[in-house]
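Q:
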């Protein structure tokens, strides 16, 4: 993960309730009510596609509020939910477990190893990368800006997404954090899902392990469709129903363990930006987009030259703009991206991001200094579906109306996931035989049934109201919609807490008049840091032969 910029979390806007009154024409009423019922069923239908053999899951997050995008995983038997940042720049999938020595407070409880009857600690052998000690494996991933995570590898059943999405589970090797520092400690998401390309030594990424499930996934392809809020991740293919253009492919180089492409130039309304972009990497774990000083200055000059004399309908101050009409950026130019013989579009609502809850939009690309390469982060991926085709070594790019996911549904808990008990004895833990009956499947089925019943009851109730109205010869009474409540904070990503900037360092965050609402909800302040390259070091477990080894009671080598 190259850059992870973290700020205080905003509240999310909840959908307003709407009332669909019955109409005098029965056919029209039936059509509209059927549509209403179909909309109610949509959350239940976002699930595994057995025809196309693709698994799908909602993404959550935002460039400004969280400064990352994350996906849910359900792990263990019974299933426990964990939230993990989607990071194409690293390789470990891991999250805190109970008994952790130093882990932060996240949106999900720590994973309770002892509560999963299928969990098994990973021992040394051919499947363990690096050195092991006393038959157990550990990992230690560090970032040059100071963040680090240390923990133990274990095996358990993992499902992409929440229980209601019903993607097939696989037996996977994942990490159980026992120590988190800096950004890993303060972030709201529980952990990280590193999905860098294969080839480097070490434990296979979760994506590689999903690709091995040939019964359910038959293509080594995954895609990310990122909206302003949330989006969708697909494994095994992509979802062309969101596309608003033609999917184009560019060559992909993965030899260095990252997703590298050849970006030759950009242009804005015919003005060429041709300073060298050098090595260009696509990294979803980098919040915004970074480039060398030369192309950065050219690009800003081209945009601001085009927008002179109020041509873009917005006032500029520093690296931000304030549109005259709310969030109308339609007068801003597109940025044409030239990848060899392929051209894609970077739209204004992606290269500018909404700053806080106010009317300001700021550049989502930054100056990384003289001679720096280019990192195309989540801000570049926004409003596109980016397809990672690992078998053909290519990247697909297409403009898309990516689905938004603002509200995260409650998890159907598989058991007592709030337990603070230790993960138990590493040497003594073995998975029980998986039973065909799983209570989590029952709950998921009941959830789907509830959605269907809600739709049917809505249709029946509407016709009853219509029938009563005809008998009494009265017009049906409607109900007023309730507006969603907002609890948002303005964030500050700057040097010295002044204006938006890509420069590094840990910075503060500014609050608006409603910040106290988030404090009441227990949301934690988080820091943000500049892009850094990750270094993965596999170290041995600190075990004592005279006692049972437990992740909650391990000793660390300095």
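Residue numbers (UniProt numbering): 1 to 558.
Every residue gets a Cβ at the ideal spot worked out from N, C-alpha and C, and that includes glycine.
Cβ-heavy atom distance between residue 190 and the ligand PLP below 7 Å?
A: As for the ligand PLP, it is missing from this structure, which has no ligand bound.
Q: Suppose the cutoff is 8 Å on Cβ atoms and the five residues either side in sequence are ignored; what does the same chain contact list for residue 372 look like?
A: Taken in chain order, the residues that qualify are 278, 290, 291, 292, 293.
Q: Starting from residue 155, follow the beta strand (DSSP E) in both directions and report where the run begins and ends.
A: Segment 148 to 160, the beta strand (DSSP E) holding residue 155.
Q: Using a Cβ distance threshold of 8 Å, determine whether the segment 83 to 95 contacts the segment 191 to 202, with at least three qualifying pairs required.
A: Touching, yes.
Q: Going by DSSP, what residues sit across from residue 346 in a beta bridge?
A: Answer is 335, bridged to residue 346.
Q: Would residue 332 and residue 348 be called neighbours here (beta carbons separated by less than 8 Å)?
A: A contact, by the Cβ cut-off of 8 Å.
Q: Can the beta-carbon of residue 157 be found less than 8 Å from the beta-carbon of residue 169?
A: A contact, by the Cβ cut-off of 8 Å.
Q: Answer with buried or exposed for residue 310, where buried requires no fewer than 16 other C-beta atoms within 10 angstroms of its C-beta.
A: Label assigned to residue 310: exposed.
Q: Take residue 152 as the anchor and find which of 322, 336, 123, 187 has the nearest alpha-carbon.
A: Closest by alpha carbon: 123.
Q: Residue 115 to residue 189, Cα distance in whole Å?
A: Taking the straight line from one Cα to the other gives about 21 Å.
Q: So, helix, strand or coil for residue 409, using DSSP?
A: It is coil, neither helix nor strand.
Q: Given this structure, state the Cα-to-Cα distance separating residue 264 from residue 143, to the nearest angstrom.
A: About 29 Å.
Q: Verify whether the separation of the beta carbon atoms of residue 412 and residue 397 is less than 8 Å.
A: No, Cβ-Cβ distance for residue 412 and residue 397 is not below 8 Å.
Q: Suppose you measure from the CA of residue 322 to the CA of residue 304; what does that come to, to the nearest Å?
A: Cα to Cα, residue 322 sits roughly 13 Å from residue 304.
Q: Please classify residue 244 as buried or exposed, where buried requires at least 16 neighbouring CB atoms within 10 angstroms.
A: Under this definition residue 244 is an exposed residue.
Q: Report the three-state DSSP secondary structure of residue 223 (helix, strand or coil).
A: Three-state DSSP puts residue 223 in a strand.
Q: Out of 346, 326, 112, 101, which one is the CA nearest neighbour of residue 399?
A: Nearest option by C-alpha distance: 346.
Q: Could you compute how far the alpha carbon of residue 375 sits from the alpha carbon of residue 407?
A: Roughly 29 Å separates the two Cα atoms.
Q: Rounded to whole angstroms, what's the CA-CA distance from residue 250 to residue 319? Just pull it up for me.
A: Cα to Cα, residue 250 sits roughly 31 Å from residue 319.
Q: Got a sec, what are the start and stop residues for the alpha helix (DSSP H) residue 306 sits in?
A: Its alpha helix (DSSP H) spans residues 293 to 306.
Q: Quick check on the DSSP output: the beta strand (DSSP E) that includes residue 59 runs from which residue to which?
A: It spans 55 to 62 - the beta strand (DSSP E) in which residue 59 sits, taken as one unbroken run.
Q: Could you tell me whether the segment 230 to 249 touches the segment 53 to 60, where touching means 3 or more Cβ pairs closer than 8 Å?
A: Judged by Cβ distances under 8 Å, the segment 230 to 249 makes contact with the segment 53 to 60, as three or more pairs qualify.
Q: According to DSSP, which residues form a beta bridge with residue 381?
A: For residue 381, which the question treats as bridged, DSSP gives no partner whatsoever.
Q: Given a cut-off of 8 Å, decide if residue 266 and residue 338 are closer than it, judged by their beta-carbon atoms.
A: In contact: residue 338 and residue 266 (Cβ atoms closer than 8 Å).
Q: Counting only runs that start and end within the segment 96 to 144, where is the beta strand (DSSP E) found for 3 or more residues in a row?
A: Within the segment 96 to 144, the complete beta strand (DSSP E) runs of at least 3 residues are 138 to 143.
Q: State the DSSP-derived secondary structure class of residue 286, mapped to helix, strand or coil.
A: The answer is coil: DSSP assigns residue 286 none of H, G, I, E or B.
Q: How should residue 409 be labelled, buried or exposed, when 16 other C-beta atoms within 10 angstroms of its C-beta is the threshold for buried?
A: Counting Cβ neighbours within 10 Å, residue 409 comes out exposed, since fewer than 16 surround it.
Q: State the Cα-Cα distance for the pair residue 72 and residue 84, rounded to the nearest angstrom.
A: About 6 Å.
Q: Have a look at residue 306 and residue 359 and give me their C-alpha separation to the nearest angstrom.
A: In a straight line, the C-alpha of residue 306 is about 21 Å away from that of residue 359.
Q: When you compare only the Cα positions, how much space is there between residue 61 and residue 138?
A: Cα to Cα, the separation comes out at about 30 Å.
Q: Buried or exposed: where does residue 48 fall if 16 or more other Cβ atoms within 10 Å of its Cβ makes it buried?
A: The residue in question, residue 48, is buried, as its Cβ has 16 or more Cβ neighbours within 10 Å.
Q: Provide the residue span of the alpha helix (DSSP H) that contains residue 208, from first to last.
A: 206 to 211 is the span of the alpha helix (DSSP H), which, as asked, contains residue 208.
Q: How should residue 45 be labelled, buried or exposed, when 16 other C-beta atoms within 10 angstroms of its C-beta is the threshold for buried?
A: Its pLDDT being 46, under 50, residue 45 is placed unreliably by the model, and the measurement read from it follows with that caveat. With fewer than 16 Cβ atoms within 10 Å of its Cβ, residue 45 is classed as exposed.
Q: Does the beta-carbon distance from residue 223 to residue 287 come in below 8 Å?
A: Not closer than 8 Å, so no.
Q: Just the Cα atoms here: how many angstroms apart are residue 525 and residue 283?
A: The pLDDT assigned to residue 525 is 36, lower than 50, so where the model puts this residue is not dependable, and the model offers no usable value.
Q: Compare the C-alpha of residue 171 against each of 185, 187, 205 and name the closest.
A: Selected option, being the one with the closest Cα: 205.
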